[in-house]
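S.K.: Protein chains in written order, with the numbering used here: chain A, 494 to 608; chain B, 49 to 160.
For each residue, glycine too, the CB sits at the ideal point set by N, CA and C.
Only a predicted model underlies this, so the values are computations on that prediction, with no experimental measurement involved.
(1) Counting only Cβ pairs nearer than 9 Å, list the residues of chain B close to residue 609 of chain A.
(2) Assuming the contact rule is C-beta atoms closer than 8 Å, residue 503 of chain A and residue 147 of chain B should be a hit. Round their C-beta distance to whole Å, please.
(3) Excluding sequence positions up to five away, which residues of its chain have a Cβ less than 7 Å from the Cβ of residue 158 of chain B?
(4) For residue 501 of chain A, does the count of other Cβ atoms within 10 angstroms reach 16, so buried, or fall short, so exposed?
(5) Determine the closest residue to residue 70 of chain B out of B:91, B:83, B:53, B:86, with distance taken between C-alpha atoms.
(6) Check the C-beta distance from residue 567 of chain A over to residue 515 of chain A and give it rounded, since I have them as a contact under 8 Å.
(7) Whose C-alpha, out of B:76, B:106, B:90, is nearest the C-alpha of residue 124 of chain B?
(8) Taking the C-alpha atoms as reference points, what is the distance between residue 598 of chain A and residue 571 of chain A?
(9) Over the uninterrupted beta strand (DSSP E) stretch that includes residue 558 of chain A, give me the two end residues.
(10) If you drop the 5 nearest sequence neighbours on each side, which residues of the same chain put their C-beta closer than 7 Å to that of residue 108 of chain B?
(11) Starting from residue 68 of chain B, follow its DSSP beta bridges and name the residues at the other end.
(12) Rounded to the nearest angstrom, what separates residue 138 of chain B and residue 80 of chain B at their Cα positions?
(13) With a threshold of 9 Å between beta-carbons, can residue 549 of chain A be considered close to chain B, or not?
(14) Going along the chain, which residues of the region 521-540 of chain A sit with their C-beta nearer than 7 Å to a C-beta in chain B?
(15) Between which two residues does the beta strand (DSSP E) harbouring residue 548 of chain A extend?
(16) By Cβ distance, which residues of its chain are closer than 6 Å to residue 155 of chain B, with the 5 residues on each side in sequence left out?
(17) Does residue 525 of chain A come out as helix, strand or coil in the three-state DSSP assignment?
(18) Ignore the nearest five residues each way along the sequence and tell me which others in residue 561 of chain A's own chain have a CB closer than 7 Å to its CB.
(19) Could you work out which residues of chain B lie near residue 584 of chain A, taking near to mean beta carbons separated by less than 9 Å?
(20) Note down, in chain order, every chain A residue with its Cβ under 8 Å from the Cβ of residue 147 of chain B.
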């Protein structure tokens with residue numbers, strides 16, 4: 494089966510600019526996650542979708558980050574305006590069910606550098 | 049928030065040796081997962097162990113879970129240079145539907 498697709502692979506922007514990331518999960522996976530991974534740290538959940546509804550966005554900085562999954566399939570994550578501390582790898586993951594009982598499948602991530 | 053904490057932070061061993069990484073967590077869980085991340089890549093799911101299980105095997109991997117001590121261990125036997133990666137444990141908070149929270153990881157280096 495095809496994996497989780499993410500684009501772009503790399504992005505360099507200046508602070509205060511905006512950026513968007515795209516994710517296409519594994520076909521049939523109802524649950525989609527966006528994680529932020531700062532260098533040397535573990536991934537931190539930003540938002541969890543179940544189909545096209547938000548399950549958990551408690552750690553999403555809503556003043557600058559937004560995400561949507563309009564048709565319950567692919568998803569976009571946007572940062573506007575970006576700050577230097579947003580430099581990180583943004584990982585998208587999907588799972589078959591909401592419990593993640595079969596594990597998450599991760600994409601390769603988008604490495605964002607804010608200068 | 050609920051979080052697993054891996055120990056040690058970094059581990060360096062020779063090829064052929066066994067590598068053991070530990071994960072401790074704070075509150076009761078339903079499931080615990082281990083993931084591997086090669087440099088610059090996404091995470092790869094290794095093993096999921098449920099709270100009513102004590103041990104699981106997958107190839108050269110062995111995971112144990114001690115719910116009384118709120119800890120888990122990942123053992124990699126007969127390590128290879130290709131096992132060089134960061135290893136993360138992820139725990140839920142005991143509520144179905146809860147997402148998994150990742151620890152900071154153990155960086156394993158296997159020297160040829």
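M.R.: The short version:
(1) As shown, chain A starts at 494 and ends at 608. That puts residue 609 of chain A outside it, with no answer to give.
(2) Wrong, their Cβ atoms sit about 26 Å apart, outside the cutoff.
(3) 61, 63, 127, 128, 129, 131, 132
(4) exposed
(5) B:53
(6) A Cβ-Cβ separation of about 7 Å places residue 567 of chain A in contact with residue 515 of chain A under the 8 Å criterion.
(7) B:106
(8) 21 Å
(9) 558-561
(10) 124, 125, 126
(11) B:123
(12) 6 Å
(13) yes
(14) 526, 534, 535, 536, 538
(15) That run of the beta strand (DSSP E) goes 546-549.
(16) Closer than 6 Å at the Cβ level, and outside the excluded window around residue 155 of chain B, lie 58, 134.
(17) strand
(18) 568, 569
(19) 90, 91
(20) 526, 538, 541, 548, 549, 593
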